[in-house]
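Written out below as structure tokens is the structure these notes cover.
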Amino acid sequence: ARAVPPPPALSSLSDVQQRLGDCKRCGLCQERTHLVFGEGSKAARLFFVGEGPGADEDQLGQPFVGAAGQLLNKIIEAMGYRRADVYIANIVKCRPPANRTPKPEEVASCLPFLRAQIDLIQPRVVVALGLTAAKALTQKESTMANLRGRFASVFWNPELPLMATYHPAYLLRNPEAKKIVWEDMKQVKTRLDLLH
Ligand code: URA
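If you count the sequence shown from 1, position 109 lands on 567 in the numbering used here, and the numbers rise without skipping.
In structure tokens form, the structure reads like this:
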């Protein structure tokens, strides 16, 4: 039997994008309009990870461009950054039908690409927006109430701090949680400011 050749090293974000290609690795490909790769600064020190594209994101091919995205933009600006300074991506790159939570096998087939993006960008802090992102990036079962408010780390690199906080879509439904998210984002900002 011929040995399977090792995958070519993913040495740039465009390599990752090329490798994804017209991805058919999971069933989410069937109903997507656009694969949403992620966007932002290649030198971002702060990397936000959401759950998956919604209807607006699927239409435009960009992450967080709908109502939740508008709120995320406000959060980023309140922290003193511009959207273009950070990087924004999702656990899955294709829209789950009717915005259902991605299935474990969908997360598993997509996560290596997000991990490659994070490793190439080398941010100083990753923010998991919502429990789906928090669970995928820590590979731990937990609750948001348990995870948020202190730094954990991404599962493959104990040196890369992860802050989990409530998803902006949750904040649209529960505006009283905004002050909790702001507490979490202040911790993130303090950490980034200390690194200057
Ligand atoms: N919600 C997400 O989790 N990601 C997006 O890109 C948009 C909404």
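Even glycine gets a Cβ: it sits at the ideal position worked out from N, Cα and C.
Which same chain residues, not among the five before or five after residue i, have their C-beta less than 7 Å away from its C-beta?
i	result
R490	D516, C552 and R553
A574	L468 and V474
L595	V507, V584, A586, V612, F613 and L620
A525	L630
Between the C-alpha atoms of residue i and residue j, what's the straight-line distance to the nearest angstrom?
i	j	result
G498	H625	19 Å
V494	R558	16 Å
L578	L629	30 Å
P672	D543	Beyond the ends of the chain as shown, which are 459 and 654, falls residue 672; an answer cannot be given.
Y545	G510	15 Å
L518	H492	7 Å
L652	C481	40 Å
K593	E599	6 Å
N632	I638	11 Å
What is the DSSP secondary structure of residue i, counted as helix, strand or coil?
i	result
S567	helix
R610	According to the sequence as given, residue 610 is Ala; it is not Arg. Looking at A610 - three-state DSSP - the assignment turns out to be strand.
T623	strand
N632	coil
L653	coil
G508	strand
Can you list, in chain order, the residues of its chain whose CB lies under 6 Å from that of residue i, leaving out five sequence neighbours each side?
i	result
C484	E564 and S567
So residue i packs on residue j, CB below 8 Å; how close in whole Å?
i	j	result
G479	L587	Their Cβ separation, rounded to whole angstroms, is 27 Å, which puts G479 and L587 out of contact at 8 Å.
T590	I533	The pair is not a contact, with the Cβ atoms about 18 Å apart (cut-off 8 Å).
In chain order, what residues of the same chain have a beta carbon less than 8 Å from the beta carbon of residue i, not counting five sequence neighbours either side?
i	result
A501	I579
The segment 637 to 645 / the segment 615 to 623 touching (three or more Cβ pairs under 8 Å): yes
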